[in-house]
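A.B. asks: Can you read through this structure? Questions will come right after.
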Amino acid sequence: MLCDQHYVYPNDFTFTYVFSACSKFNGVFEGKQAHAQMIKFPFEFGVHSWNSLLDFYGKVGEVGIVSGELDEARRVFDEMPERDVVSWTIMLVGYADAGFLSEASCFKALVLFKEMQVAKVKMDEVIVTTLLTACARLGALDQGRWLHMYIDKHGIKVDAHLSTGLIDMYSKCGRIDMAWKIFQETEDKKLQAMDIYMVQDEHELMSTISAENRETAGQNSQIVPCKFVGDARVSSFGVNMPLLGLVTKLEDVLATCSLRIL
Numbered sequence: 001m002l003c004d005q006h007y008v009y010p011n012d013f014t015f016t017y018v019f020s021a022c023s024k025f026n027g028v029f030e031g032k033q034a035h036a037q038m039i040k041f042p043f044e045f046g047v048h049s050w051n052s053l054l055d056f057y058g059k060v061g062e063v064g065i066v067s068g069e070l071d072e073a074r075r076v077f078d079e080m081p082e083r084d085v086v087s088w089t090i091m092l093v094g095y096a097d098a099g100f101l102s103e104a105s106c107f108k109a110l111v112l113f114k115e116m117q118v119a120k121v122k123m124d125e126v127i128v129t130t131l132l133t134a135c136a137r138l139g140a141l142d143q144g145r146w147l148h149m150y151i152d153k154h155g156i157k158v159d160a161h162l163s164t165g166l167i168d169m170y171s172k173c174g175r176i177d178m179a180w181k182i183f184q185e186t187e188d189k190k191l192q193a194m195d196i197y198m199v200q201d202e203h204e205l206m207s208t209i210s211a212e213n214r215e216t217a218g219q220n221s222q223i224v225p226c227k228f229v230g231d232a233r234v235s236s237f238g239v240n241m242p243l244l245g246l247v248t249k250l251e252d253v254l255a256t257c258s259l260r261i262l
């Protein structure tokens, strides 16, 4: 692939295209070969090459998460000599995508979020939307509220995707009132197809968010707050998933570092 004997050495553009092709065609073996070539040359590559490598491992991990490729992506991320906002976004999106199969991946996304705060990385709407997805999956209301405040303070434009992320997060965390408030305030026509139906009786509150365009509205979900304080279960298409243990672990970790809006 990259031949030493003819003294043809790759540059930043070479690896960017190579890893892009490997990601597109799920070329795990070829991508790892290129990775080996990249780290053995006696000169450093720019952040663009490292980002393309990180993106490669994140995307092949989406195909075969059980193979541990996301762990390899994290290792590459930790070893990067330089990171930019794209680097953080790639890693967070990888964890969020994997989170549809594993709550642990969403947990890792929020831990990475804490590292972002320490590194003072300014978040954009893509990162915030990704983190809201992780909060919704874990039922991490406090972190979701903090992200909402961050959006307001930094004047991040609330488009259809971000509005949906906020509605999804609040509804899955049991705050139907906030989800409904955001829905009423949004002016984006793409969200007008959504229909929120709320029923409240003496013992429970249920909310169903449905959409004509599932890509816009996100997953259909139901929130069933239990009568015991702090006990909430997320029902997604009828599958109940207890999240208390993971959320407790998450809160223990995040409690060690206070959240500040930078």
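Using UniProt numbering, the letters of the sequence shown correspond one by one to residues 1 to 262.
Every residue gets a Cβ at the ideal spot worked out from N, C-alpha and C, and that includes glycine.
#1: Taking only heavy atoms of the ligand NAD into account, decide whether any of them is closer than 7 Å to the Cβ of D159.
#2: Please report the distance separating the alpha-carbon of G94 from that of V128.
#3: The alpha helix (DSSP H) spanning A136 covers which residue range?
#4: Using only CA atoms, which one of F19, F77, V158, H35 lies nearest to S52?
#5: Indicate the three-state DSSP secondary structure (helix, strand or coil) for R83 in the structure shown.
#6: Hey, quick one: how far does the alpha helix (DSSP H) through I39 stretch, first residue to last?
#7: Buried or exposed for H161, going by 16 or more other Cβ atoms inside 10 Å?
#8: Report buried or exposed for D84, applying the criterion of at least 16 other Cβ atoms within 10 angstroms of its Cβ.
#9: Classify M241 as helix, strand or coil using the three-state DSSP reduction.
#10: For A109 and L92, which I take to be in contact (beta-carbon distance under 8 Å), what is that distance rounded to the nearest angstrom?
#11: Below 8 Å on the Cβ atoms is my guess for V126 versus W88; work out the distance and round it to an integer in Å.
#12: Buried or exposed for M198, going by 16 or more other Cβ atoms inside 10 Å?
#13: Do you know how far the Cα of Y17 is from the Cα of G46?
#14: Measure from the alpha carbon of G27 to the alpha carbon of each residue in D142, M80, Y57, then state which is nearest.
#15: What residue range does the alpha helix (DSSP H) around T16 cover?
#16: Pick helix, strand or coil for E187, following the three-state DSSP scheme.
#17: Which value, in whole angstroms, describes the spacing of the CA atoms of D195 and L138?
#18: Taking its Cβ as the centre, do 16 or more other Cβ atoms sit within 10 Å of K103, making it buried, or is it exposed?
#19: What three-state label does DSSP hand R74 in the structure shown?
#20: I need the boundaries of the alpha helix (DSSP H) containing R145, first residue and last residue.
C.D. replies: Result, derived from the coordinates:
#1: Looking at this structure, you won't find the ligand NAD or any other ligand, since it has none at all.
#2: Here residue 94 corresponds to residue number 94 of the sequence shown, with the count starting at 1. Here residue 128 corresponds to residue number 128 of the sequence shown, with the count starting at 1. The straight-line gap from Cα to Cα measures roughly 14 Å.
#3: Mapped onto the sequence shown, residue 136 falls at position 136. First-last of the alpha helix (DSSP H) with A136: 125–138.
#4: Residue numbering aside, residue 52 sits at position 52 when the sequence shown is read from its first letter. If we check each option's Cα against that of S52, F19 comes out closest.
#5: In the sequence shown, residue 83 corresponds to position 83, counting from 1. Coil, per DSSP.
#6: The residue labelled residue 39 in the question sits at position 39 within the sequence shown. 28–40 is the extent of the alpha helix (DSSP H) around I39.
#7: Locating residue 161 in the sequence shown gives position 161, where the first residue counts as 1. Per the 10 Å Cβ criterion, buried.
#8: Taking the sequence shown and counting its residues from 1, one reaches residue 84 at position 84. Exposed, because fewer than 16 other Cβ atoms sit within 10 Å of the Cβ of D84.
#9: Working through the sequence shown from its first residue, we reach residue 241 at position 241. In this predicted model, M241 has a pLDDT of only 38, less than 50, meaning its place in the structure is not dependable enough to derive any value.
#10: In the sequence shown, counting from the first residue as 1, residue 109 sits at position 109. In the sequence shown, counting from the first residue as 1, residue 92 sits at position 92. Going by Cβ atoms, the distance from A109 to L92 rounds to 6 Å, so yes, they are a contact pair.
#11: In the sequence shown, residue 126 corresponds to position 126, counting from 1. In the sequence shown, residue 88 corresponds to position 88, counting from 1. With a Cβ gap of about 10 Å, V126 and W88 do not count as contacting.
#12: To locate residue 198, count along the sequence shown from 1; it is residue 198. Caution is warranted here: a pLDDT of 36 is assigned to M198, below 50, making its placement in the model unreliable, and the coordinate value is therefore given only provisionally. Exposed, by the Cβ-count rule.
#13: Counting from 1 along the sequence shown, the entry for residue 46 is found at position 46. Counting from 1 along the sequence shown, the entry for residue 17 is found at position 17. For G46 and Y17, the distance between alpha carbons rounds to 14 Å.
#14: Walking along the sequence shown from the start, residue 27 turns up at place 27. Of the listed residues, the one whose Cα sits closest to G27 is Y57.
#15: The sequence position of residue 16 within the sequence shown is 16, counting from 1. Run containing T16: 12–24, per the alpha helix (DSSP H) assignment.
#16: For this step, residue 187 is matched to residue 187 along the sequence shown. Correct three-state label for E187: coil.
#17: Along the sequence shown, read from residue 1 onward, the residue named residue 195 stands at position 195. Along the sequence shown, read from residue 1 onward, the residue named residue 138 stands at position 138. Because D195 carries a pLDDT of 38, less than 50, the predicted location of this residue cannot be relied on, and no value is offered for it.
#18: Here residue 103 is taken as the residue at index 103 of the sequence shown, counted from 1. A small correction: the amino acid at residue 103 is Glu; Lys does not occupy that position in the sequence shown. With 16 or more other Cβ atoms within 10 Å, it is buried.
#19: To locate residue 74, count along the sequence shown from 1; it is residue 74. If DSSP states are grouped into helix, strand and coil, R74 belongs with the helices.
#20: Along the sequence shown, read from residue 1 onward, the residue named residue 145 stands at position 145. Its alpha helix (DSSP H) spans residues 141–154.
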